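Chains as they are written, first to last, in this note's numbering: chain A, 1 to 888; chain B, 889 to 1004.
Set out below in structure tokens:
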């Protein structure tokens, strides 16, 4: 009985202060009386409704108090609009950027593949495998519900049947069960089907919703129509759902062609690749059977693959212990290897923490400063009976309101940022992120972050500032002496934290931005507008391999004879393409004494390539058309000529003369005929590169970018017309695509890098701005605090310079400490990040040595921070001692 | 002045009971509780937290106010607050009573037609 009574007392005590003040005593008494009566009459169970009544009313009362607090906080903030504005701006910037990062990067990593019902069960092999192996994997019905094969980024020439110009679009080459494995259902018609489209020579094709809308204008009767694909007739059997534009790639796919199509329709399928065990070109997409884990599937696949490798007499013997198939979850837009996921997630978390941390530190320092200025008000309220907890709650409400308003502003900012990003023209084939707009996920994220930050970072200031000695505070108001300068006081820690965070953010982002930006600096010595690039793809224009070979033999001469085309060269890819991650690397071993092996990127270039680029070779000569012919005819058995760039030559032959030396890759022997400058540097690295001669084979099997014709011109639009005329004279059926100046091409190519640099640069700027705001606010507050002291000093003969130094010294100490910590933190963080991801490692390697950063960032930060301190300090020096002393 | 009393209708049951108890004159919280208990023959019990929470909201809504008038000293409990209806509270109570009355009339009419 007494227990029930005590419980009742406890719960009644827990009601909000205001409520207790007005009704607490009566409620307690009435309740206790009732408890006694009821317990006597009906026992303990009879008390249940009464306890339930308390339990239900408790949160209701708190919510109502909170509403009142928020209303009061809104009034208080409205009374100091400057403070509110700065607070909302800084929280808004922080939350806005974090939401922006969240909606793009984070979602990209975690958002399930749109419209794929099986997304959670999908897995993909990290390395491409041969189609034959995929067929064997598919037999494991206890492990997999299905296994599909796909190849992404396949170009197709679409249309062109009735005199119209064919359009080059990108698509995926997929096994007929692809859509079934993903769990994607048709929006119209049907998807590819293993039974209906399983026979070779099928002509079915599925369109993406995007392509159906843009090319067919969303016509309702598209299913059943004929589509010209690479000059062949295909039947449109269905349209994929709206959100779905391909798996395992950021670039949208417009057509889905089954691997059972003829080689004429998809030249990638030539040479019977589906039955060639050594052509490892297909991505294997697994739908795990229910209950099968990734690890179990991986182990089983390893066993199967080892057996298959062993049974194949032609396969090179492998002794490795490593897993032959490594799986990664594939339910997102871009499958990411499992060991990289924590790195990427970690990178985002660190970014979030730094950005939000700085913004929150700002909020905290501002609240402290504000609290100190309101000491008189607080003291009055305490002395007339407000509880300290009540004041703390009030201040937390203010912080939370600021943070919430900041959250709204931040969400607006992230929407604006996204809209701004959408304004930037997307180059063709660049990742289109229709599904990556700011969504309710982003809004929820912003809200949660705002609430958590608002509460977390206003508790400490609130507790500190409400710790007021009522008497002196009432007498002196804001000018009352604080508890003394505390070296590790909350405010100082906040400033140091802020400077540390800014420094880390600036350095890390600076490393990345400069590392990435370096890549964009690569370019030729001539005016990039005076070179025109035009691509063509004889095979996709319907050429047989024989006809393509013939074209290769005669094209240069016919172009020269036409008189329409100036200096030109051919290449298998545009110059400075910098897509080194996708290029196959050659492991080259030097013949002779050194026996060094260098893994180099390789470019395939035609005769006169370096001359057209105005890049004279450092030594030797470049390819001639004769080289192209000898390299093409394997029968001669001669070594293939190769040109190395300076870095490759140095790593293979050190300082020795490379000309005439031989290098080999397996059985393939190359003879070095020239050494070129380092041209392509990708992410700013001096990548070792080997240039191989263009041969007829490149014409018969062009890569995704076709064959690039590079023409130097005097400028002017008629140059393009001339090239078109000359090509039409060679064969009107040859379609030129991607016709653009080198300048335009480089611009597109750098698009992603520029976007990244812009984003990161913006963030670094934001960090600087926020820190400056925080520092200025806090120093200004300190100056206001010490107005009287400064007045006395000046009355006693201190000069302005001495006052200035006095104020600046304190700020400088804190800034210095923060900068050292920030520098160390950035170094440690960049080490951690590079250890985990090579892209970071490269960017950091280039960026970290940059004097602009290592010296510039600290100088910039110190400059801005000192400026932020100096402005209020100058005000301190201008204090009129008479006025300051009179102000008692 | 616009009559705000309509905006409170229909009243929450516990609000209605409190207002009804105060219709006769000033009363304190415990008195209201007892009054309601007696009037409803024990069927409606306003538990303390609900009672005082409702009183708080009724004060905020300006339907009741704290009364400065105290009963005779020998009956006065100094530690208790007394409440009384405001003019608005009285209007709201009347309006609610009317509304309920109409409902009851409607029920009677219905019964009669069913009986016939």
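Backbone N, C-alpha and C define an ideal beta-carbon position, used for all residues, glycine too.
Quick caveat: nothing in here was measured; it's all calculated off a predicted structure.
(1) Alpha carbon to alpha carbon, how far is residue 949(B) from residue 984(B)? Give it in angstroms, no decimals.
(2) Verify the CB distance criterion: does residue 390(A) have a CB-CB separation below 8 angstroms to chain B?
(3) So, under 8 angstroms CB-CB, residue 227(A) and residue 158(A) are touching, yes? Tell me the CB distance rounded to an integer number of Å.
(4) Going straight from the alpha carbon of residue 402(A) to that of residue 819(A), what length do you get?
(5) Starting from the N-terminal side, write out each stretch of the beta strand (DSSP E) that is 3 residues or longer and does not extend beyond the stretch 355-393 of chain A.
(6) Could you tell me the distance, in whole angstroms, from the CA atom of residue 926(B) to the CA atom of residue 901(B)?
(7) Looking at the secondary structure, which residues open and close the alpha helix (DSSP H) in which residue 133(A) lies?
(8) Whose C-alpha, out of 214(A), 205(A), 696(A), 217(A), is nearest the C-alpha of residue 233(A)?
(9) So residue 898(B) contacts chain A; which residues on that side make the cut at Cβ distance below 8 angstroms?
(10) Cα separation between residue 817(A) and residue 505(A)?
(11) From the DSSP output, which residues share a beta bridge with residue 916(B)?
(12) So is residue 690(A) buried or exposed if we call it buried at 16+ other beta carbons inside 10 Å?
(13) According to the Cβ coordinates, are residue 282(A) and residue 187(A) closer than 8 angstroms?
(14) Which of the three DSSP states is assigned to residue 326(A) in this structure?
(15) Would you say residue 22(A) lies against chain B (beta-carbon separation less than 8 angstroms)?
(16) For the structure I just gave you, are there three or more beta carbon pairs, one from the stretch 28-47 of chain A and one from the stretch 367-374 of chain A, closer than 8 angstroms?
(17) Taking DSSP as the reference, what is the three-state secondary structure of residue 188(A)?
(18) Between residue 772(A) and the rest of its own chain, which residues show a CB-CB distance below 6 angstroms, the 5 nearest in sequence each way excluded?
(19) DSSP three-state label for residue 707(A), please.
(20) Just reading off the alpha helix (DSSP H) that residue 701(A) is part of, what are its end residues?
(21) When DSSP labels each residue in this structure, what does residue 434(A) get in the three-state scheme?
(22) For residue 49(A), go through chain B and note every residue whose CB falls closer than 7 angstroms to its CB, in chain order.
(23) Does the beta carbon of residue 927(B) sit closer than 8 angstroms to a beta carbon anywhere in chain A?
(24) Residues in the stretch 60-77 of chain A with C-beta within 7 angstroms of chain B's C-beta atoms, listed in sequence order?
(25) When the cut-off is 8 angstroms and only beta carbons count, does residue 874(A) lie next to chain B?
(26) Under the rule that 16 or more other beta-carbon atoms within 10 Å means buried, what is residue 898(B), buried or exposed?
(27) Look up residue 810(A) in the DSSP assignment and say whether it is helix, strand or coil.
(28) For residue 908(B), which residues in chain A fall below 9 angstroms Cβ to Cβ?
(29) Is the CB-CB distance between residue 879(A) and residue 791(A) below 8 angstroms?
(30) Hey, quick one: how far does the beta strand (DSSP E) through residue 255(A) stretch, first residue to last?
(31) What separation, rounded to the nearest whole angstrom, lies between the Cα atoms of residue 621(A) and residue 641(A)?
(32) Would you mind reading off the limits of the beta strand (DSSP E) that contains residue 651(A)?
(33) Using a Cβ cut-off of 7 angstroms, pull out every chain B residue sitting near residue 209(A), in sequence order please.
(34) Within the stretch 172-225 of chain A, note down every full alpha helix (DSSP H) run reaching 4 residues or more, in order along the chain.
(35) Between 306(A), 698(A), 254(A), 88(A), which lies nearest to residue 539(A) when the distance is taken from Cα to Cα?
(36) Count the other C-beta atoms from every protein chain shown that fall within 10 angstroms of the C-beta of residue 120(A), then say buried if there are 16 or more, exposed otherwise.
So, from the data block:
(1) 16 angstroms
(2) no
(3) 6 angstroms
(4) Taking the straight line from one Cα to the other gives about 28 angstroms.
(5) none
(6) 16 angstroms
(7) 131-138
(8) 205(A)
(9) Neighbours of residue 898(B) across chain A, judged by C-beta separation under 8 angstroms, do not exist; the nearest C-beta is about 20 angstroms away.
(10) 16 angstroms
(11) 970(B)
(12) buried
(13) no
(14) For residue 326(A), the secondary structure class from DSSP, reduced to helix, strand or coil, is coil.
(15) yes
(16) no
(17) Three-state DSSP puts residue 188(A) in a strand.
(18) 864, 868
(19) strand
(20) Unbroken run through residue 701(A): none, as it is neither H nor E.
(21) The predicted model places residue 434(A) with a pLDDT of 45, which falls under 50 and marks its position as unreliable; any figure quoted below should be read in that light. DSSP places residue 434(A) within a helical segment (H, G or I) once states are collapsed to three.
(22) Within chain B, the residues near residue 49(A) are 935.
(23) Using beta-carbon distances, residue 927(B) does not count as an interface residue toward chain A, since no partner is under 8 angstroms.
(24) 60, 61
(25) no
(26) Around the beta carbon of residue 898(B), a 10 Å sphere encloses fewer than 16 other beta carbons of the protein chains shown; the residue is thus reported as exposed.
(27) Note: residue 810(A) maps to helix in three-state DSSP.
(28) In chain order: nothing, as chain A lies at least about 19 angstroms away.
(29) yes
(30) 255-258
(31) 10 angstroms
(32) Looking at the DSSP string, residue 651(A) is not in any beta strand (DSSP E); the run it does join, the alpha helix (DSSP H), is 646-653.
(33) Those within 7 angstroms of residue 209(A) in chain B number zero; the least Cβ separation is about 51 angstroms.
(34) The qualifying runs are 178-182, 209-215.
(35) 698(A)
(36) exposed
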